[in-house]
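Since the structure comes first, as structure tokens, the remarks are kept for the end.
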Amino acid sequence: MGAVQAFDILGDPVRRRILELLAEGEQTAGAVTEVIREEFGISQPAVSQHLRVLRENGFASVRPEGTRRLYTVESAPLQEVDQWLDHFRHFWSQHLDALATEIARGKRERRRHGDAGTPPRPRPSAEDKEQT
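Sequential numbering of the sequence shown, starting at 50, is according to the working numbering.
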């Protein structure tokens with residue numbers, strides 16, 4: 050399966066939520082159904098259909114344990130999505146790097162002023178300087 054097809058599967062909010070639940074650890078079909086029915090108001094057969102789509106497309110696997118069916122997330126299709134997203138990662142990585150720099154600058158300012166509980170005064174902007 051390619052990453053674009055994976056987005057078709059992940060485009061549904063119910064399936065994304067199911068994967069979030071499975072990412073927390075192995076879940077019974079009943080536990081998944083209970084959460085999804087409460088959050089989305091859909092029937093048990095509809096939840097089963099979403100689980101089947103995830104299973105048939107490799108996003109989840111199931112193993113029987115007595116009368117229960119235990120679902121778990123499978124990483125391979127998600128890794129394909131991550132590889133596809135890697136082409137675009139630089140668009141947000143630069144912004145996150147800039148945010149990290151600003152956070153570090155704020156921490157240095159607080160340490161320098163000796164009061165970690167009081168945020169530093171904002172630096173005047175160019176607009177503020179023009180007004181004075």
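Cβ coordinates follow ideal geometry from the N, Cα and C atoms, glycine included. Please read all numbers here as calculations on a predicted model, not as lab measurements.
task = Go ahead and label P126 buried or exposed: buried means 16 or more other beta carbons lie within 10 angstroms of its beta carbon, across all protein chains shown.
result = buried
inquiry  = Can you list, in chain order, the residues of its chain with a C-beta nearer than 8 Å to that of V81? Leave out the 5 residues immediately preceding and following it.
reply    = I67, L70, L71, V96, L100 and Y120
task = On the DSSP bridge assignment, give the partners of S110 in chain order.
result = T121
message = So, with DSSP's three-state summary, where would you put T116?
response = coil
task = Out of S124, V111, G79 and F108, state which residue places its alpha-carbon closest to the alpha-carbon of P94.
result = G79
ask   = What distance in whole Å lies between the Cβ atoms of R64 and V122, which are believed to be in contact at a cut-off of 8 Å?
value = That pair is no contact at about 11 Å.
query = If we count the other Cβ atoms within 10 Å of its Cβ and call it buried at 16 or more, is I85 buried or exposed?
reply = Buried is the label assigned to I85, since at least 16 other Cβ atoms lie within 10 Å of its Cβ.
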